[in-house]
Every structure is written in C-alpha cells, then in structure tokens.
Amino acid sequence: MMVRQLSMQEYVRLSAEVHDLARAGRHQEALAGCRTLIEGDDSPAARATAYCTRGVILWQDLHSADEAIADFSRAMELDRKSIHPLLWRAKCYEQSGHHDAAAADWREITQRDVGEELWFEACDALRRLGQLSLEEEELAKRRAEEVAAREDRKLKQLEAERARQTAEFEKRRSVQATRRSLGHCYLCGERLSIFQKLLRKDSHRRCWGYRE
Numbered sequence: 013m014m015v016r017q018l019s020m021q022e023y024v025r026l027s028a029e030v031h032d033l034a035r036a037g038r039h040q041e042a043l044a045g046c047r048t049l050i051e052g053d054d055s056p057a058a059r060a061t062a063y064c065t066r067g068v069i070l071w072q073d074l075h076s077a078d079e080a081i082a083d084f085s086r087a088m089e090l091d092r093k094s095i096h097p098l099l100w101r102a103k104c105y106e107q108s109g110h111h112d113a114a115a116a117d118w119r120e121i122t123q124r125d126v127g128e129e130l131w132f133e134a135c136d137a138l139r140r141l142g143q144l145s146l147e148e149e150e151l152a153k154r155r156a157e158e159v160a161a162r163e164d165r166k167l168k169q170l171e172a173e174r175a176r177q178t179a180e181f182e183k184r185r186s187v188q189a190t191r192r193s194l195g196h197c198y199l200c201g202e203r204l205s206i207f208q209k210l211l212r213k214d215s216h217r218r219c220w221g222y223r224e
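Each number in the numbering used here comes from the position in the sequence shown (counting from 1) with 12 added on.
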C-alpha cells in the first residue's frame, strides 16, 4: 500500500502531536503517530528520529526494552551520525541488565565527537559498569582537570572584568562629583552659566543625560 508522503509542515505538526500524546499518557496514539512519521517520510534522518522517538516511548513509558532497543538500532542504521539513538540504546541496555552491550555503546560515545558533558557521562557509566580501563581513567582525570582549569580561568576573567567596570564607574562618578562641586556640567565638563547655577542645574540641556 502506498503511503502519502508528509509535507514538512505536516511532519513538524505530527512530531509535536506525538510528544504531546506521550506526555499525556496516550501512548498507543503516540506510537501510531510515530508509525505515520516513519512511513510518511523518505528522509533517512527523519525516519531515524521517528524510530528514536518511538523507542523512547516504548522504553520509558511502556517498559518494553527489547522493542525499544530494536528501534534505537534501526535509527542508528538510518542515521549513523546521530548520537541520540546510540545514547538511548546505551541507557536502555544498562537498565535492562545487558551490561556488556551497554559498555560497548558507552565506549563508542567516548570515541565520538561529543560535548564534554556527554563524554564524562559515558566515562561515569563505564566506571559504574566496571569497564573503564586505567588508560581511560587517566584520560578522564586529565580532561576533568583541564575543564576545571578552564572554568577557573573564565571565572578569574569575569572577576577581573567586573573589577575593571567597577573601577571605571567609580572614577566616572568621582569626576562627575568634582565637576558639580566646581560648577561645571557633570557630563561635558564645561563651566555652567550663572543662570544655570541659579536654577540649580548640573548639566547643559544639550548634553545627553540632562536632568530637569
């Protein structure tokens, strides 16, 4: 049976509906929506996303780990660059007690070009499974030290910038106070007229920041 291809707008709308249905506990309707997404798009990446979404529903909501793993695996076949199905499968394997398979997926994540947070999460999982090698442990330690040092440098730079801005503000306020005490416009520094002084003005009308 030929399935009508979904337009981009229909795909986006149905994807949002699937997530809303899953959050509302209407899991069978959400699964039906995933099936429509899988059958209604020729794009491997889009189909992989739909398989991954269905896998998450099957695992987290319906506690069907085997079916979920099958969907995550299918998503990985369709889109090998995406990290999401690999991550979900690793978690599903681990929670289901398939520790060797979970370790293999977690280790693959450490070898991918992923962010630091996910990389450390994978290392923690391998450590938890007792499959983090000494070399990997040392690498994780070095990277953790590098991250800590980098964050410390950022903090010091922020503190230095804050101190600089505070010093500039205090200097500017001091200059303005001096100008006011001398009867000058506190903004441009020019001497105020007698008339302006009588009106108790501390800046020219033409100057930015003039206050009535």
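Note that the Cβ used here is the ideal one computed from N, Cα and C, for glycine as well.
Treat the numbers as computed from the prediction; the structure is a model and nothing was measured.
For S108, I'd like the list of residues in its chain whose CB is within less than 6 Å of its CB, leaving aside the five on either flank, ordered along the chain. A77
For the pair the segment 24-39 and the segment 69-83, tell me if three or more CB-CB distances fall below 8 Å. yes
If I measure Cβ to Cβ from R66 and keep anything under 7 Å in the same chain, skipping five residues before and after, which residues do I get? L43, C46, D83
Just to check my reading of the structure: R184 and G195 have Cβ atoms closer than 8 Å, yes? What is that Cβ distance to the nearest angstrom? Not really, about 19 Å apart at Cβ, beyond 8 Å.
Rounded to the nearest angstrom, what separates R165 and E171 at their Cα positions? 10 Å
Are the beta-carbon atoms belonging to I81 and R59 less than 8 Å from one another? no
Among C64, S55, L138, nearest to H31 - alpha-carbon criterion: C64
Going by DSSP in three states, R203 sits in which element: helix, strand or coil? strand
At a cut of 8 Å, does the segment 142-154 reach the segment 173-180 through at least three beta carbon pairs? no
Per-residue burial, D136 [other beta carbons within 10 Å of its own, 16 or more giving buried]: exposed
Alpha-carbon to alpha-carbon, A175 and E128: 30 Å
Name the two residues that bound the continuous alpha helix (DSSP H) containing G37. Taken as a continuous stretch (DSSP letters only), G37 belongs to no alpha helix (DSSP H), as it is neither H nor E.
Apart from the five residues just before and just after L141, which ones in its own chain have a Cβ nearer than 8 Å to its Cβ? E106, H111, A114, A115, W118
For A87, which residues in the same chain have their Cβ closer than 6 Å to its Cβ, ignoring the five residues on either side in sequence? A60, Y63, C64, P97
Identity of the residues DSSP links to H196 by a beta bridge: R203
How many angstroms separate the CA atom of S55 from the CA atom of K168? 47 Å
Cutting at 8 Å between CB atoms, please list the residues of its own chain near L90, excluding the five before and the five after it. P56, A57, R59, A60, Y63
Between D125, R92, T48, R191, which lies nearest to E22 when the distance is taken from Cα to Cα? T48
Would you give the residue range spanned by the alpha helix (DSSP H) that R59 belongs to? 56-68
On the DSSP letters alone, give me the boundaries of the alpha helix (DSSP H) that S85 sits inside. 77-90
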